[in-house]
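Engineer: Next up is a structure, given as structure tokens.
In this note's numbering, the protein residues as written are 6 to 203.
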């Protein structure tokens with residue numbers, strides 16, 4: 006649900022502002038959205054992604070979250086969750102289709118000219134088909150030229166260099182893919198695109 010992405014974005018924003026917590030207002034949400042947010046926030050607490058979770062009925066219907074300060078949790082909300090999602094989606098797809106693969110997350114490489122890059126997820130399928138997945142949970146437009154140049158330097162086809170953008174609409178993903186020699190997906194359509202690659 007989009008409202009769950011709102012919760013994650015709210016946590017990420019609060020962490021960047023160095024706030025100790027954040028409050029998610031529920032009074033303007035539908036009953037289904039309010040229930041989904043409450044359950045999601047409770048799961049965040051159950052799995053220690055937040056330090057405390059208070060469900061307030063009065064004076065306003067809201068959920069108060071006290072944030073974790075652990076660096077691993079902060080990194081997760083800063084986008085690491087999407088990298089793990091992309092990696093697990095790719096591994097699941099390769100395993101289900103009985104493909105031979107090698108993979109890496111956070112692959113650091115130095116090009117011949119000395120430029121350093123880090124690839125969020127990189128796979129080599131059947132020893133011949135490279136698949137690079139770059140994940141963005143925030144603003145990405147300013148980086149498109151850099152990724153186009155990297156794709157060319159690596160000699161990877163546009164359909165194999167995937168930009169997985171959290172929350173990107175399906176329509177915008179299609180439009181960006183048509184405009185640039187890269188493939189744009191969101192977290193929901195990534196697995197579908199992988200079925201067209203291998």
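Beta carbons are placed, not taken as given, at the ideal position from N, Cα and C, and that holds for glycine.
Predicted, not measured: the structure shown is a model, and the values here were computed from it.
1. Based on DSSP bridge pairs, tell me the residues matched to residue 46.
2. Between the stretch 54-70 and the stretch 23-38, do three or more beta carbon pairs fall short of 8 Å?
3. Do residue 110 and residue 131 count as a contact pair if the criterion is CB distance below 9 Å?
4. Can you say whether residue 174 is buried or exposed, counting buried as having 16 or more other CB atoms within 10 angstroms of its CB?
5. Around the Cβ of residue 20, are there at least 16 other Cβ atoms within 10 angstroms (buried) or fewer (exposed)?
6. Whole angstroms is fine: what's the gap from residue 93's alpha carbon to residue 192's?
7. Could you give the C-beta distance for residue 140 and residue 91, rounded to a whole number, given that I count them as a contact under 8 Å?
8. When the Cα atoms are used, what is the spatial distance from residue 73 to residue 11?
Structural biologist: Considering the structure as presented:
1. For residue 46, DSSP records no beta bridge to any residue.
2. yes
3. no
4. exposed
5. buried
6. 11 Å
7. 5 Å
8. 18 Å
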